[in-house]
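Data first, discussion second: the structure below is written as structure tokens.
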Amino acid sequence: MSNPQGSLWIVFNGEIYNFEELRGCLRTSREFRTRTDTEVLLYLYEDYGLQCLHMLRGMFAFAIWDEPAQRLVLVRDRIGKKPLFYRSTDRSLAFASELKALLVEQPRPEIDSISLNHYLTFQYVPAPLTIFRGIHKLLPGQVMVYEQGKISFSTYWSLQYDTKIQMGSDEEYRAAFENLLEESVQLRLISDVPIGAFLSGGLDSSSIVAVMSRLMKQPVKTFSIGFKEEDYNELSYARDIAQRFCTDHHEFIVEPSALEILPKLVRVYDEPYADSSAIPTYYLSELSRRDVTVILNGDGGDELLAGYPRYKYYEAERWMNRYGTAGLRKAFKAVLSRVPRLSLVQAGRRMAERVCEPFAATYLGRICYFSPNEKASLYTPEFWEAIHQQDSFDLLRKWFDEAPAVELLDQLLAVDTRTYLPDDLLVKVDRATMAHGLEARSPFLDHKLMEFGALLPIDLKVRKGESKYLLKSAMRGVLPDRVIARNKQGFGVPIDRWFREECRDFIRETLLSTRSVTRGYFVRERVQELIDNHQYRGMTCGYRLYALLMLELWHREYVDSQASADPVAA
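Position one of the sequence shown corresponds to residue 1 (our numbering), numbered consecutively onward.
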């Protein structure tokens, strides 16, 4: 879209939820040609320049060509809900919402070995990297300006955790939180198309449905998905919430075919992506789109109020992080070395061993798919030589060093909000929903609510080992006690069983094929050992095998297919 003079042009992806309000901030002499948030955004830039970014509430990625200034501006939303990729050379700059769009003019870009190594650590490629060398992701909350052949970057928003909000009582904090959450949901209910909610039966999605039910005149349309395997089925919790709030409830039992769904996911996600919860998210999006066009979800609740189980034990780690000198850690390790390796004490022993390490290493041990030691034996000598000097631990330690927080729990939240949230969770939902023309909105990710959460005292997030204390306090008497008290359950699929049963031969034939081995990344014997450990020796290696499988399927879609289509290569 352009302004009437043709001096400004915008390309925009996303939603500005408060655009009607912002229309009133523009010059009264303006004549609007549409009722869209795109036109309001364009005129906001014309009137306020980049200061308009601080006025926006929403999810967005956009580019503005400023003809008089001969300037291109690229912007991504604060949290990273919407993607934005770019490739710059000495002669050009290209940008797109999908990575595959940048392969049109450069059909065979070089794979970035460092990115591939990080993928096998984190299950995703962390921004600003992509799997291809020379193609990057704009970071959340970042502005990129291309002017006179030069690129500059600036950050217009980031969370700050250090200065805490001071209120008199828990009730005051709870009232302020409830008001912000309700305002956030209300903004995201503005729609001229059918709207609904994903409902897992967990605390976050149930809280969103509870607020929606209070604000909407008609019953909320809710959507849940389950599997035949009881361990992966949360439908009973979702039904409790649906009944309590009299929603128009839709639930689906799916029997996914891995051989059918995995190639689809490779095409949807563009990069190697190993979060297997993308599978149920893709199915749920497909089924929900039959009835609604906009969906609200509970994404961000864990990063807002410390909901992951790995946050519960930060007190002991904070003490060791603060007082655990190198000598004390060494002495503690010596004591642990004498503890017998019995199965009954193994879990506690492993946790204590992690406490002895620098915290970034401790955290890497919790979240990584392949540890540095596992990679050292898995990688071929040539590939190890190419990547070992830029280890994922160094990247994680950099993230912790840059975290704008003093308290260890806040550092955890800052790192996860900067990395895991936008690079994994939001990628998962955005790609799966957009693949079906479904728009996902996340009330917990409203930036005003996120700013409030960052400045909350620690004990309103985790109190006496109870995570999400403030949200649970706000929802007592609103949600069933069993939903509030239940342990967090991931949105999982039976990967382990698949690779032992129906996909048993598929995983073996794919990962041990000549095509896979000759890529030069992995030692064939180590891959075979991993498969044998999972299929024959009772060890659980499903998620690591899934990461290797998605990498190989990605190669076949994005690398092999490009090579076969290249007349020079042929």
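Ideal Cβ positions, reconstructed from N, Cα and C, are used throughout, including at glycine.
Note that the structure is a prediction, hence the values are computed from the model and not measured.
Requested in this report: Please list, in chain order, all residues of the same chain as L304 whose beta carbon is under 6 Å from its beta carbon, the five residues on each side excluded.
Outcome: If you ignore the 5 residues before and after L304, its C-beta comes within less than 6 Å of the C-beta of F444, G453, all in its own chain and listed in chain order.
Kindly list the residues whose CB is nearer than 6 Å to the CB of W384, restricted to its own chain and excluding five residues on each side of it in sequence; keep chain order.
Sequence-distant partners of W384 (beyond 5 residues in either direction) whose C-beta falls short of 6 Å from its own C-beta are missing from its chain.
| request: Flag this pair as yes or no: are the beta carbons of L215 and L189 separated by less than 8 Å? | output: Going by C-beta atoms, L215 is nearer than 8 Å to L189.
### Query
Is DSSP giving D416 helix, strand or coil here?
Here DSSP, grouped into helix, strand and coil, assigns D416 to helix.
Q. Going by beta carbon distance, what residues of the same chain come within less than 7 Å of V292, once the five residues before and after it are set aside?
A. Within the same chain, V292 has close Cβ partners P194, I195, G196, K221.
Q.
Can you tell me where the alpha helix (DSSP H) holding D204 begins and where it ends?
A. Unbroken alpha helix (DSSP H) run through D204: 203–215.
- Do the CB positions of R544 and Y369 come within less than 8 Å of each other? The answer is yes: Cβ separation under 8 Å.
_For a quick check, are the C-beta atoms of K228 and E260 less than 8 Å apart?_
When the beta-carbon positions are compared, K228 and E260 stay at least 8 Å from each other.
> Taking all protein chains shown into account, do 16 or more other C-beta atoms lie within 10 angstroms of the C-beta of E552, making it buried, or fewer, making it exposed?
Replying inline: Of the residues assessed, E552 falls on the buried side of the cut-off, its CB having 16 or more other CB atoms within 10 angstroms.
Between L479, V75, T38, S29, which has its C-alpha nearest Q51's C-alpha? When each option's Cα is compared against that of Q51, the closest is V75.
| query | Measuring CA to CA, which of L296, V143, L364 is closest to I151? | reply | Answer by Cα proximity: V143.
Checklist line | Burial state of G14 (16 or more Cβ within 10 Å) | finding: Looking at its Cβ environment, which holds 16 or more other Cβ atoms inside 10 Å, G14 is buried.
- Take T419 and list the residues in its own chain whose beta-carbon comes closer than 7 Å to its own, dropping the five residues that flank it on each side. Cβ within range, chain order: P126, W399.
- Query: Roughly how many angstroms lie between the CA atoms of V527 and V517, to the nearest whole one?
  - Reply: So the two alpha carbons sit approximately 9 Å from each other.
Buried or exposed: which applies to D401, given that a residue is buried once 16 or more other Cβ atoms fall within 10 Å of its Cβ? Within a 10 Å sphere around the beta-carbon of D401 sit fewer than 16 other beta-carbons, which makes this residue exposed.
Would DSSP call W9 helix, strand or coil? Per DSSP, reduced to three states, the secondary structure at W9 is strand.
Fill in: Reference E451; option with closest CA among A69, D162, M59
Sorting A69, D162, M59 by C-alpha distance to the C-alpha of E451 places D162 at the top.
*Backbone secondary structure at W65 - three-state DSSP*: Per DSSP, reduced to three states, the secondary structure at W65 is strand.
Are the segment 283–301 and the segment 423–441 touching by the rule of at least three beta carbon pairs closer than 8 Å?
-> The answer is yes - the segment 423–441 touches the segment 283–301, with three or more Cβ pairs under 8 Å.
Quiz item: Is it true that the segment 236–253 meets the segment 198–213, where meeting means three or more beta-carbon pairs spaced less than 8 Å apart?
Solution: Yes: the two stretches touch, three or more of their Cβ pairs being nearer than 8 Å.
Buried or exposed: where does M550 fall if 16 or more other Cβ atoms within 10 Å of its Cβ makes it buried? So M550 counts as buried.
### Task
Starting from the Cα of D446, find the closest Cα among N533, E407, E466, F177 and give me that residue.
In terms of CA proximity to D446, F177 leads the group N533, E407, E466, F177.
ask   = Nearest to G226 by CA position, among V209, S213, P280, F522, is which residue?
value = The candidate whose alpha carbon is nearest that of G226 is P280.
Can you tell me the Cα-Cα spacing of I79 and G141, whole angstroms? About 7 Å.
Practice task
Report yes or no: do three or more beta-carbon pairs, one from the segment 4–19 and one from the segment 37–54, lie closer than 8 Å?
Solution key: Flag = yes, the segment 4–19 and the segment 37–54 touch.
query: So, helix, strand or coil for Y161, using DSSP?
result: In this structure, DSSP gives Y161 a state outside helix and strand, which the three-state scheme calls coil.
ask   = Looking only at its own chain, which residues have a Cβ that is under 7 Å from the Cβ of D423, when we skip the five neighbours before and after it?
value = Within the same chain, Y124, P126, A127 come within 7 Å of D423 by CB-CB distance, once the 5 residues on both sides are set aside.
Going straight from the alpha carbon of D560 to that of R108, what length do you get?
Cα to Cα, D560 sits roughly 10 Å from R108.
Would K217 be called buried (16 or more neighbouring beta carbons within 10 Å of its own) or exposed? Here K217 is exposed. Its C-beta has fewer than 16 other C-beta atoms within 10 Å.
What does the alpha-carbon distance come out to for the pair A474 and V211? Near 11 Å, if we compare the C-alpha coordinates of V211 and A474.
Over the uninterrupted alpha helix (DSSP H) stretch that includes A547, give me the two end residues. Element bounds for A547: 542–555.
Exercise. Can you tell which of L456, F122, E147, S115 has its C-alpha closest to the C-alpha of S576?
Worked result: Past the edges of the chain, shown from 1 to 570, lies residue 576, and the structure says nothing about it.
Tell whether a beta-carbon distance below 8 Å holds between I111 and L56.
-> For the 8 Å CB-CB criterion, I111 and L56 do not form a contact.
**Message:** Can you tell me where the beta strand (DSSP E) holding G196 begins and where it ends?
**Reply:** Segment 195–198, the beta strand (DSSP E) holding G196.
Exercise for review: Please confirm whether S392 and F122 have their CB atoms less than 8 Å apart.
Suggested key: Between S392 and F122, the gap from beta carbon to beta carbon is short of 8 Å.
V462 versus I241 - alpha carbon distance: Approximately 25 Å, taken between the alpha carbons.
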